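Counting from 1, position 136 in the sequence shown corresponds to residue 136 in the UniProt record's numbering; the numbering is continuous, with no gaps.
All C-beta atoms, glycine included, are put in the ideal place defined by N, C-alpha and C.
All figures in this text were calculated on a predicted structure; none of them were measured in a lab.
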Amino acid sequence: MPKNLLIVESPAKAKTINKYLGKDFQVLASYGHVRDLVPKEGAVDPDNGFAMRYELIEKNEKHVEAIAKAAKSAEGIWLATDPDREGEAISWHIAEILRERGLLQDRTLQRVVFTEITPRAIREAMARPRQIADELVDAQQARRALDYLVGFNLSPVLWRKIKAGLSAGRVQSPALRMIVEREEEIEAFKAREYWTVEAECVHPSQPFTAKLFKLDGKKFEQFTITDGETAEDARTRIAAAANGALHVTDVASKERKRRPSPPFTTSTLQQEASRKLGFTTRRTMQVAQKLYEGVNIGDEGTVGLISYMRTDSVSLSAEALSEIRDVIARDFGTASVPDKPNTYQTKSKNAQEAHEAVRPTSALRTPAQVARFLSDDERRLYELVWKRAVASQMIPATLNTVTVDLAAGADHGFRASGTTVTVAGFLAVYEEGRDSKGKEDEDEGRKLPAMKLGDRIPLDRIHADQHFTQPPPRFTEASLVKALEEYGIGRPSTYASIIQTLLGKQYTVLDGRAFKPTDVGRAVSKFLSNHFGKYVDYDFTANLEDELDAVSRGEEAWIPLMEKFWGPFKEQVDDKKATLDKADAGSVRVLGADPESGRQVSARIGKFGPLVQIGTVEDEDKPRFASLRPGQSIYSISLEEALELFLLPRVLGQDKGEDVSVGIGRFGPFARRGDSYASLKKEDDPYKIDLAHAVALIEEKEEIARNRVIKEFPGSDIQVLNGRFGPYISDGRLNGKIPKDREPASLTQEEVTKLLEETGKPARRGFAAKKAAAKKEAAAKKAAKKTAAKKAPAKKAAGKTATKKSAAKTARPLSADLEPAKSLVTAAKFEPGKKRVVKKADTAPF
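Here it is in structure tokens:
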């Protein structure tokens, strides 16, 4: 048996590392977090030093058991989870579980971190083991406790005031506010008209365009001309003054240097992958994880291709710098290598998550060399990381900008600029993507013909063009990540989960690649801003992150930080709960009165989402409700648009002696004639459809139904049917395929029976049938669990309970106390979707 047990987070990493360490080591994976707070109130106890109650994550219980079993026969245990705060916390959790089971007695326990998965890096890390870093665990536990307390206390307020199922988060709520405020800016934006004037010049060597910068002897600015009549008058006067040509009055040349961008941090990698590759933050991190954990690249075997991808650092190791400089000299010439390595200053206040920036583990492995071993996503991301790291250590690019002024008579002037690259430098490898182009970027790559003072440049035409100012753009993933980082909200390693929460909760949707808040998201943000403004304030959230960073550096204790937050927060939550009925909803907008009844018409968030309502609960008659149409919002819908929603169902007339009507049901708009229904097509508007078209849809549906059966077989349930995707066979339980070379109507009973046996798959059941089956299955499971509980012995071994439930944090370092800690027995199970992190004890100073 191996003498040593080494524990990592992922099975892919375990497999790679196992090859490097040899037969003296067994490498097992924890599969991420192993414990989390019990998903119910009281998991964090503010009255008892913020003691935190944990339990094993159900899906990872078997992996914990495998680790515990291996630990029994190991002499040494090595904790090699990821080199960040969460990784540190996972190591601490594993250590606590092993301690509770008495598996640390007479065994060494050491912590190692691998910032890259290569033989060299692993050898070096194993030669420098350490103890678990208390301060990192403290910071992570404090972060988890804060997230829990905010979520468990604010979310119920949202349920009562807006709708059930909503959630508030310490970081997600400010991020949502950012998206909502941008949407409100867009809605409030008033476009302004302006006109530009350009000259199309026909220089003998090449044509070019020049922009008007002087009109009537004065500087021409954006809003100098704001209507078409003035623009045409100016164009006419300038053309007359030019008389077919412009004269060169000034030629200026200016050289500038552009430095390369630093190698990637987590945040800049996410932003650039979004801009250049179209990746979501989640996709970027998933692909980067694979590249970090290891890929089989042929003769070298499985090796990690990039360093650890969760980092705020922009520094590179001396070894990496040396190798990158060698690659630059080899592939781009020694002139492209600066005299000394380029250095960069991190923007992060707490760049300690990992030792280096995201970089290739060996710059010698060029993207072209490893491309055939990688998936398309892996290849593209590796190329991005490699190019950025190599470019960061190259000489600056030298750019030359030529600006030419051209006169049209004495009072008007045009200007043309062109920028060319005279020394490529790092641009030979990589150029950073940009969300929008500035003036200098517009001219880049444009070369003007050679001109000198006094030259006469023939004029083709002068034209004036209308423009309108544009509202600020909605946030994309790249620009949202950038904004969050600039404000200091959250940390780059959490951005992907923040974005997934906002989308998963349907607080925002993606309109193309941009975030658009839903009505529910806006209602949540407005409510929190109105009643808990401090806790969605950008500066407050950023300052709290700074304090958590101070905890991670050992500069601040966690319990005073928690107490400072918890007291005022709890007081405000209790106050809002007490005055909730008097408080403003943040989600009701009165539109006016219904002309027919005189009752109030309002737009609001209801139990099932946004709606409009006629009447109030105080009225004698019950309120009437109508759902919004796609694209409508409670924040912009007008009274007229709201009243139109109550026109459904509409009776269009009669056909074959029966009423024909249209309405909106559970599965969308439909037309009805008697007992016959037909769904409206995507382009059909239920508010505008006429009788003839509705009847045509119903007739089409009935015709399909009449032609559904192609062939039946007496005494058999099997039929040959026409389906949505072509003919098939079915007996009601199974659906089977028909060979392409067979005519469906010619099939025999023997053939269809055989085909159903060979190709049959369970037929899709309707919604009601599925729901009933699911309910029946759930009831059966519940009954079985109840029966099992009755049969279970009344007395359980104390040790067994302790294996599934965990204790509060005991004093550290780990080597100082190998006695099992007192267990906290809990019954709740982990709630999927909640962030899984760490715990501290009621006995330990934090």
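Distance, Cα to Cα, residue i vs residue j?
i: residue 596; j: residue 161; result: 30 Å
i: residue 429; j: residue 316; result: 18 Å
i: residue 151; j: residue 493; result: 20 Å
i: residue 698; j: residue 166; result: 40 Å
i: residue 308; j: residue 645; result: 54 Å
i: residue 120; j: residue 558; result: 37 Å
i: residue 299; j: residue 292; result: 18 Å
i: residue 468; j: residue 679; result: 41 Å
i: residue 414; j: residue 232; result: 17 Å
i: residue 357; j: residue 306; result: 10 Å
i: residue 123; j: residue 532; result: 51 Å
i: residue 755; j: residue 709; result: 17 Å
i: residue 573; j: residue 40; result: 18 Å
i: residue 640; j: residue 602; result: 12 Å
i: residue 621; j: residue 657; result: 34 Å
i: residue 612; j: residue 191; result: 30 Å
i: residue 466; j: residue 229; result: 11 Å
i: residue 525; j: residue 535; result: 11 Å
i: residue 575; j: residue 497; result: 31 Å
i: residue 100; j: residue 106; result: 14 Å
i: residue 647; j: residue 684; result: 16 Å
i: residue 66; j: residue 60; result: 10 Å
i: residue 71; j: residue 117; result: 23 Å
i: residue 759; j: residue 725; result: 16 Å
i: residue 402; j: residue 420; result: 9 Å
i: residue 566; j: residue 289; result: 36 Å
i: residue 16; j: residue 22; result: 11 Å
Counting C-beta neighbours from all protein chains within 10 Å, is the total for residue i 16 or more, i.e. buried, or is it exposed?
i: residue 422; result: exposed
i: residue 512; result: exposed
i: residue 667; result: exposed
i: residue 386; result: buried
i: residue 296; result: exposed
i: residue 27; result: buried
i: residue 212; result: buried
i: residue 294; result: buried
i: residue 479; result: buried
i: residue 461; result: exposed
i: residue 541; result: buried
i: residue 505; result: buried
i: residue 741; result: exposed
i: residue 55; result: buried
i: residue 329; result: exposed
Where do the ends of the alpha helix (DSSP H) carrying residue i lie?
i: residue 701; result: 691–706
i: residue 200; result: First-last for residue 200: 193–202, but that is the beta strand (DSSP E), not the alpha helix (DSSP H).
i: residue 567; result: 558–578
i: residue 87; result: 85–100
i: residue 536; result: First-last for residue 536: undefined, no H or E at that position.
i: residue 260; result: No alpha helix (DSSP H) contains residue 260, which DSSP labels as neither H nor E.
i: residue 730; result: Not the alpha helix (DSSP H): residue 730 falls in the beta strand (DSSP E), residues 726–730.
Could you give the residue range of the beta strand (DSSP E) that holds residue i?
i: residue 37; result: 35–37
i: residue 874; result: Outside the modelled stretch of the chain, which goes from 1 to 846, sits residue 874, for which no answer is possible.
i: residue 60; result: Looking at the DSSP string, residue 60 is not in any beta strand (DSSP E), and its letter there is neither H nor E.
i: residue 346; result: Neither: residue 346 is in no beta strand (DSSP E) and is coded neither H nor E.
i: residue 710; result: 709–712
i: residue 759; result: No beta strand (DSSP E) contains residue 759, which is instead part of the alpha helix (DSSP H) from 749–759.
Less than 8 Å between the CB of residue i and some heavy atom of the ligand FMN, yes or no?
i: residue 101; result: Ligands are entirely absent from the displayed structure, and the ligand FMN is therefore not among its contents.
Could you name each continuous beta strand (DSSP E) segment of 3 residues or more that falls completely within the region 401–441, going from the start of the chain to the end?
-> 412–423
Touch test, the region 74–89 against the region 173–184, Cβ-Cβ under 8 Å, three pairs minimum = no
Are at least three pairs of beta-carbons, each pair with one atom in the region 242–257 and one in the region 404–411, less than 8 Å apart?
-> yes
Three CB pairs or more closer than 8 Å across the region 2–13 and the region 63–81 = yes
At 3 residues or longer, and completely inside the region 159–239: list those beta strand (DSSP E) runs for me, N to C.
-> 193–202 and 207–215
Entirely within the region 483–526 and at least 3 residues each: give me those beta strand (DSSP E) ranges in chain order.
-> 508–511 and 514–517
Three-pair Cβ contact test at 8 Å for the region 374–391 versus the region 311–327 | yes
Touching by the beta-carbon criterion (3+ pairs, under 8 Å), the region 507–526 and the region 187–202 | no
Whole runs of the alpha helix (DSSP H) within the region 280–356, excluding any shorter than 4 residues = 281–293 and 318–332
Are the region 142–150 and the region 539–556 touching by the rule of at least three beta carbon pairs closer than 8 Å?
-> yes
Give a yes or no on contact between the region 264–272 and the region 472–490, applying the rule of three or more CB pairs nearer than 8 Å.
-> yes
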